[in-house]
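Peer 1:
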Amino acid sequence: VPMARAFASVQIPAVIYFRNVDVEDIGGDPVGAAMAYIANSKFTAEWVKSRHNIECTIIPPTFDPSRYQTQSSRRYITFINPHHSTGVEIAIEIARLCPHLEFLFVLAWTLSEAAIHGLRRTISVLPNVRLVGPVKDMRSIYSQSKVILAPSQWEAAWGRIATEGHFSGIPTLGSNRGGRPEAIGPGGHIVPFNAPASEWALALNQLCDNEQRYSELVLKSYQYSRRSESDVEEQTDR
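Residue numbers (our numbering): 6 to 243.
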């Protein structure tokens, strides 16, 4: 908001693109600060409407598919960014309840040395969990992934890893928080964010054990990643 108002003060029009719903990131009242407003999801647009009575055009985040698309061995249940806000405690319990499945935990956001040490100690008793990362090229992760696990407790405006996985036909099992259900769409399965780990484990087992269902979600993931709303040229035109 301060940036948009600064541009307006020298007669340069601005468009504000809401990409999250953290009030402190906006920097003030956006009403009248821009000539138009964009939101990256229906969830974000509804949040802006309810808080500021501003109508937003919805344009999902842009992606370069070549940075993520790969052939996958479909070996691991992949959990990216083992952080409290992303549901690391739930993910650990799911792994404990599914000893027959292999899990890949991928470090992403900066964690303190103490937090990483605690995580390593916790998963050391789980032989089916491997901790790696962080990595620059996510294709090295998606090339091993069967399902993206996203039990996030945070109201993220979008679910980026779901979209990244979809480019390789990798379904997401994710929570219903924020804009994540929109990112997952038909290319995965949604579980209530506050559901017990046993419900998550049941959903994961049903997804992995039913080959027909899994194959359908693989196809739907591919198709959803290629919808017109996610086409970069169409997004740019809008």
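Ideal Cβ positions, reconstructed from N, Cα and C, are used throughout, including at glycine.
Once DSSP output is grouped into helix, strand and coil, what is the label at Lys-141?
Peer 2: Here the question's residue 141 lines up with position 136 in the sequence shown. The answer is coil: DSSP assigns Lys-141 none of H, G, I, E or B.
Peer 1: Once you ignore the five residues that flank Tyr-229 on each side, which residues in its own chain have a CB closer than 7 Å to its CB?
Peer 2: Taking the first residue of the sequence shown as position 1, residue 229 is located at position 224. Taking C-beta separations shorter than 7 Å and ignoring five residues to either side along the sequence, the partners of Tyr-229 in its chain run His-171, Gly-190, Pro-191 and Gly-192, following chain order.
Peer 1: Contact between the segment 128 to 137 and the segment 29 to 40: three or more CB pairs below 8 Å?
Peer 2: no
Peer 1: For Phe-68 and Glu-98, what's the separation of their Cα atoms in angstroms?
Peer 2: Here residue 68 is taken as the residue at index 63 of the sequence shown, counted from 1. Here residue 98 is taken as the residue at index 93 of the sequence shown, counted from 1. Going by the C-alpha atoms only, they are around 32 Å apart.
Peer 1: On the criterion of 16 or more Cβ atoms from any shown chain inside 10 Å, does Asn-215 qualify as buried, or is it exposed?
Peer 2: The count along the sequence shown starts at 1 and reaches residue 215 at position 210. It is exposed - the Cβ of Asn-215 has fewer than 16 other Cβ atoms within 10 Å.
Peer 1: Assuming the contact rule is C-beta atoms closer than 8 Å, Arg-80 and Lys-151 should be a hit. Round their C-beta distance to whole Å, please.
Peer 2: Translated into the one-based positions of the sequence shown, residue 80 becomes position 75. Translated into the one-based positions of the sequence shown, residue 151 becomes position 146. About 6 Å separates the beta carbon of Arg-80 from that of Lys-151, a gap short enough to meet the 8 Å contact definition.
Peer 1: Spatial neighbours of Trp-159 within its chain, please: C-beta separation below 8 Å, excluding the five flanking residues on both sides.
Peer 2: Numbered from its first residue, the sequence shown carries residue 159 at position 154. For Trp-159, where only same-chain residues beyond five positions count, the Cβ hits under 8 Å are Ser-90, Thr-91, Arg-182 and Gly-183.
Peer 1: In the DSSP assignment, what residue or residues form a beta bridge with Leu-178?
Peer 2: Here the question's residue 178 lines up with position 173 in the sequence shown. In the DSSP assignment, Leu-178 forms a beta bridge with Leu-154 and His-194.
Peer 1: In this structure, does DSSP put Phe-68 in helix, strand or coil?
Peer 2: Translated into the one-based positions of the sequence shown, residue 68 becomes position 63. If DSSP states are grouped into helix, strand and coil, Phe-68 belongs with coil.
Peer 1: Would you mind sorting Ser-180 into buried or exposed? The rule is 16 or more other CB atoms within 10 Å of its CB.
Peer 2: As a position in the sequence shown, residue 180 is number 175, starting the count at 1. Buried: at least 16 other Cβ atoms inside 10 Å.
Peer 1: Apply the 10 Å Cβ neighbour rule to Arg-232 and answer buried if 16 or more other Cβ atoms are within range, or exposed otherwise.
Peer 2: Counted from its first residue, the sequence shown places residue 232 at position 227. Here Arg-232 is exposed: its Cβ has fewer than 16 other Cβ atoms, across all protein chains shown, within 10 Å.
Peer 1: Just the C-alpha distance for His-88 and Ala-113, rounded to the nearest angstrom, thanks.
Peer 2: The count along the sequence shown starts at 1 and reaches residue 88 at position 83. The count along the sequence shown starts at 1 and reaches residue 113 at position 108. Roughly 9 Å between the two C-alpha positions.
Peer 1: Report the rounded CA-to-CA distance for Glu-94 versus Thr-177, giving the unit in angstroms.
Peer 2: Counting from one through the sequence shown, the residue named residue 94 turns up at place 89. Counting from one through the sequence shown, the residue named residue 177 turns up at place 172. About 18 Å.
Peer 1: Can you tell me whether Arg-125 is buried or exposed, with buried defined as 16 or more other CB within 10 angstroms of its CB?
Peer 2: As a working note, residue 125 is residue 120 in the sequence shown. Label assigned to Arg-125: exposed.
Peer 1: Would Glu-118 and Met-143 qualify as a contact pair, given that the criterion is a beta-carbon distance under 8 Å?
Peer 2: Within the sequence shown, numbered from 1, the residue matching residue 118 stands at position 113. Within the sequence shown, numbered from 1, the residue matching residue 143 stands at position 138. No.
Peer 1: Please name the residue, chosen from Asp-242, Ile-146 and Gln-76, that lies closest to Gly-174 on a Cα-to-Cα basis.
Peer 2: The residue you call residue 174 lines up with position 169 of the sequence shown. Checked all of Asp-242, Ile-146 and Gln-76; the closest Cα to Gly-174 is Gln-76.
Peer 1: By the three-class DSSP mapping on this structure, what secondary structure does Ile-82 have?
Peer 2: The residue labelled residue 82 in the question sits at position 77 within the sequence shown. Note: Ile-82 maps to strand in three-state DSSP.
Peer 1: At which residues does the alpha helix (DSSP H) containing Ala-50 begin and terminate?
Peer 2: The sequence position of residue 50 within the sequence shown is 45, counting from 1. It spans 47 to 57 - the alpha helix (DSSP H) in which Ala-50 sits, taken as one unbroken run.
Peer 1: Apply the 10 Å Cβ neighbour rule to Ile-128 and answer buried if 16 or more other Cβ atoms are within range, or exposed otherwise.
Peer 2: As a position in the sequence shown, residue 128 is number 123, starting the count at 1. Looking at its Cβ environment, which holds 16 or more other Cβ atoms inside 10 Å, Ile-128 is buried.
Peer 1: Compute the distance between the beta-carbons of Pro-186 and Ile-195, then report whether it is under 8 Å.
Peer 2: Here residue 186 corresponds to residue number 181 of the sequence shown, with the count starting at 1. Here residue 195 corresponds to residue number 190 of the sequence shown, with the count starting at 1. Yes, the Cβ-Cβ distance between Pro-186 and Ile-195 is below 8 Å.
Peer 1: Could you give the first and the last residue of the continuous alpha helix (DSSP H) run that contains Ile-121?
Peer 2: Numbered from its first residue, the sequence shown carries residue 121 at position 116. Here the alpha helix (DSSP H) through Ile-121 covers 118 to 128.
Peer 1: From Ser-220, Arg-165 and Asn-25, pick the residue whose C-alpha is nearest to that of Ser-235; which is it?
Peer 2: Looking up residue 235 in the sequence shown gives position 230. It is Arg-165.
Peer 1: Beta carbon of Thr-49, beta carbon of Val-26: below 8 Å?
Peer 2: To locate residue 49, count along the sequence shown from 1; it is residue 44. To locate residue 26, count along the sequence shown from 1; it is residue 21. Yes, these two residues count as a Cβ contact at 8 Å.
Peer 1: For Tyr-73, tell me which candidate among Ser-203, Ser-220, Ser-148 and Glu-221 has the shortest Cα-Cα distance.
Peer 2: For the purposes of this step, residue 73 is identified with residue 68 of the sequence shown, where counting begins at 1. Out of Ser-203, Ser-220, Ser-148 and Glu-221, Ser-148 has the C-alpha closest to the C-alpha of Tyr-73.
Peer 1: What is the residue span of the beta strand (DSSP E) that Phe-172 lies within?
Peer 2: By one-based count along the sequence shown, residue 172 stands at place 167. Boundaries cannot be given for Phe-172, as no beta strand (DSSP E) includes it and DSSP labels it neither H nor E.
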